[in-house]
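This note's numbering numbers the first residue of the sequence shown as 119 and each following residue consecutively.
Glycine included, C-beta positions come from ideal geometry on N, C-alpha and C.
Okay, so here's the structure we're looking at.
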Amino acid sequence: MIVLGIESSCDETAASLVRDGHEVLSNVISSQISKHAQFGGVVPELAAREHLKNVSPVVNAAFAEAGVKLNEIGAVAVTSRPGLVPALLVGNAYAKGLAAALGVPIVGMNHFLGHIYGSFIEHPEVLADAKSFPILALVVSGGHTALVLIPADGKATILGSTLDDAAGEALDKAAKVLGLGYPGGPIIDRLSKEGNPDAFAFPRSLTGRAGKAVKPEHRFDFSFSGVKTSLLYAIKDTPDAVEKRLNDLAASFQEAVIDVLAMKAADAARAHKVKLICLCGGVACNSRLREKIAKTCEKCRIGFLPAPPKYCTDNAAMIGGLAWHFLKNGAATPEEFGINARLDVNLGTLPFAPLASV
Ligand code: KG4
Ligand code: ZN
């Protein structure tokens, strides 16, 4: 079955046609970054207005690129949560209208689960093999930072998540403080390659490194507000640092964020005897993070499945692909489903796990 995926939860309008969950026939993304860059972050109403302009052309382009006709699709899937409410409304209203006109089912998809699925689009064989499980997903994006445990029955649990900023948000805010553009993650990634990651000593919060014991309930949680404050102090205490040691500041900041992600992932992997770590979400594009988690997996002698960069940042292939698994499991979304700004901590059963019954 071919599913049309539509994504409009933040600042990317995206549409994709995916056959049977894994064969991506088209993957069209229209980014609004240039519209939001002047504000240093995404402005929800502006995002909604841009989605409204872009959604039809993007969907049409997805059909054209795939060489598929409207009447050939079996379902429409749309990101219904979590995300920016005005932005979600546009994609959901469009998707519901299109599904009604075509007389096909519509499914509301969880964007966070979509990111996890980004690691598996090109790897159905991993999902088919119960021996790949339990899997640990490290989800790192502009909106989320979490460790998710996925057993073979698909009953996923969030082991820990950020108590304040998401990793991508921290990188974007650091870039803003350093006078770099938006989004800051890719710029910091680039500058860090020329800098010394040990030049500035930034804290590794909630790891016990500073001699402060971590409360057991925060063992797998993250906090990135302290490292952000430390960056502000470093700039204040070393007046010409931004001018003369920009690469060192970027590299040291990035290393502090990545170190914590790698340490917590390793700890969770050992504690839950996972067989494989999947790395997903926009920040998973980061070259140093990919390198470091790869090393972590090597040390723990477990598999590593980083999402390909095109399925790390927001896209609709992860939505259309994931939806197919829900449809296959007979988990239809009620027609009257709405949108939700927040992530439900109860992730439910992930239908792509080999022993899942939704
Ligand atoms: O998944 P995504 O496209 O959107 C959300 O769901 O949030 O993630 C966007 C985030 C931004 O914070 C951006 O700075 C970060 O991903 N990002 C990166 C890199 N590429 C994108 N962060 C670090 N290094 C990168 N190469
Ligand atoms: Zn996202």
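For GLY226, the enclosing beta strand (DSSP E) has its first and last residue at 224-228. The alpha-carbon separation between SER323 and MET119 amounts to approximately 46 Å.
A straight-line Cα-Cα distance of about 6 Å links GLY260 and ALA284. Scanning its chain for C-beta atoms nearer than 6 Å, with the 5 sequence neighbours on each side dropped, one finds around GLY313 the residues ASN365, ASP366, ALA368, ALA369, in chain order. Going by beta carbons, PHE371 and PHE340 fall outside the 8 Å limit. Of the residues assessed, ALA219 falls on the exposed side of the cut-off, its CB having fewer than 16 other CB atoms within 10 angstroms.
Leaving aside the five residues that flank TYR300 on each side, the residues in its chain whose CB is nearer than 6 Å to its CB run, in chain order, ALA155, GLY158. Residue state for SER148 is assigned as strand, using DSSP reduced to three classes. Along the length of the region 396-443, whole alpha helix (DSSP H) runs at least 4 residues long occupy 405-418, reported in chain order. Note that the C-beta distance between ALA133 and VAL146 is below 8 Å.
Taken through DSSP and simplified to helix, strand or coil, GLU141 comes out as strand. Spatial neighbours of LEU164 in its own chain (CB-CB distance under 7 Å, excluding positions within 5 residues in sequence) are listed in chain order as LYS153, HIS154. Not one heavy atom of ligand 2 lies closer than 7 Å to the C-beta of SER198. Residue burial annotation: ILE151 is exposed, with fewer than 16 other C-beta atoms found within 10 angstroms of its C-beta.
Counting along the chain, LEU164 sits inside no beta strand (DSSP E); it lies in the alpha helix (DSSP H) bounded by residues 162-184.
Look at GLU240 here: in three-state DSSP terms it is coil, with no helix or strand label. Under the criterion of beta carbons closer than 8 Å, ALA293 and ILE276 do not qualify as touching, at roughly 27 Å.
Secondary structure at VAL332: coil, using DSSP grouped into helix, strand and coil. In the assembly as shown, ARG327 is an exposed residue. Its beta-carbon has fewer than 16 other beta-carbons within 10 Å. The shortest C-alpha to C-alpha distance from PRO162 to any of ASP138, CYS128, ILE191, SER174 is the one to CYS128. In terms of side-chain proximity, the C-beta atom of CYS396 is found no nearer than 7 Å to any non-hydrogen atom of ligand 1.
In terms of CA proximity to VAL463, HIS262 leads the group LYS346, ALA288, HIS262. When distances are taken from the beta-carbon of HIS229 to the heavy atoms of ligand 2, the shortest one is below 7 Å. Distances taken from the Cβ of HIS154 to the heavy atoms of ligand 2 include none shorter than 7 Å. Counting along the chain, the unbroken alpha helix (DSSP H) around VAL375 starts and ends at 364-389. In this structure, the C-beta of GLY226 stays at least 7 Å away from each heavy atom of ligand 2. In the DSSP assignment, ILE306 falls outside any beta strand (DSSP E) and lies within the alpha helix (DSSP H) extending over 302-310.
Distances between the C-beta of GLU287 and the heavy atoms of ligand 1 include at least one below 7 Å. Residue range 275-279 is occupied by the beta strand (DSSP E) that includes ILE276. Proximity of the beta carbon of ASN210 to ligand 1 is not indicated: no heavy atom of the ligand is located closer than 7 Å. Counting along the chain, ILE353 sits inside the alpha helix (DSSP H) bounded by residues 343-355.
Contact check for ILE457 against ARG199 passes: the beta carbons are separated by less than 8 Å. By the Cβ neighbour-count rule, ASN189 is exposed, with fewer than 16 other Cβ atoms within 10 Å of its own.
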